[in-house]
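Let me begin by presenting the structure, written as C-alpha cells, before commenting on it.
Residue numbers (my numbering): 3 to 181.
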C-alpha cells in the first residue's frame, strides 16, 4: 500500500467517524441526564413514553385581604347645594336640543403640489434672455450652499448671476461632434 493510498484511507475513515460522532455524544448526554432510579423508558407493563400519575391533591388555602367598605353618609339638602354652588353653571346651547347630531366632516386629504395655469410649451420669444448683452456684465455668485465650515458635504449648489453657457437647441449641439 502506497503512502498516498494510506493517507486517502485515513481521511475517509476520519470523515466517516465524524458523521456519527454527534449522535454518539447525544446518547452519552442523554444517559447522564436520565434519572438514577430508571434504567430505561419502559414501565412495569412494558409501555414506553411519557407517564402521568393522577392523585388527589391537598387543598391549600390562601389568605386574601378583604377590602374594607367605608360607610357612606347621605348629605342633606344644604350640604348638597353648597357643593353644587362651587361648580360653574351649565349653559344650554341651541344645538343641544337636536334629536341626533352628526359629527363634523373630516378634513379632505391634502393635495400635493400647486396647479399652475400656464401654456406648455411656452412661447419661444417669451422670457428670452439676451445672451449678447449678458456677456458685458460681470459674472457674480448669487447664492451658494452649504454656508460656513462643514466637514463633509453631500450636496453643493452654486447659482450665478447669468447663464454660464448659451442655452441652445440639440441640433446646434449635434453639429459640434468631438473627434
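In this text, a Cβ means the ideal position worked out from N, Cα and C, and glycines have one as well.
- Annotated as proximal: residue 160 and residue 143, with beta-carbon spacing under 9 Å.
- According to the DSSP assignment, residue 20 belongs to the alpha helix (DSSP H) that extends over 5 to 35.
- DSSP, read as helix, strand or coil, puts residue 173 in helix.
- In the DSSP annotation of this structure, the continuous segment of the beta strand (DSSP E) that includes residue 147 starts and ends at 143 to 147.
- As the crow flies, the alpha-carbon of residue 24 is around 58 Å from that of residue 157.
- By the criterion of a C-beta distance shorter than 7 Å, residue 177 is surrounded by no residue of its chain, once the five residues flanking it on both sides are discounted.
- With contacts defined as CB atoms closer than 9 Å, residue 141 and residue 162 qualify as a contacting pair.
- Here residue 140 carries a coil assignment [DSSP, helix/strand/coil].
- Following the DSSP letters along the chain, one finds residue 159 inside the beta strand (DSSP E) bounded by residues 159 to 162.
- If only uninterrupted alpha helix (DSSP H) runs of at least 4 residues are considered, those enclosed by the region 58 to 117 are 79 to 87.
- Rounded to the nearest whole angstrom, the CA to CA distance from residue 86 to residue 74 is 19 Å.
- The alpha-carbon of residue 18 is positioned some 17 Å away from that of residue 28.
- For residue 26 and residue 12, the gap between their C-alpha atoms comes out near 20 Å.
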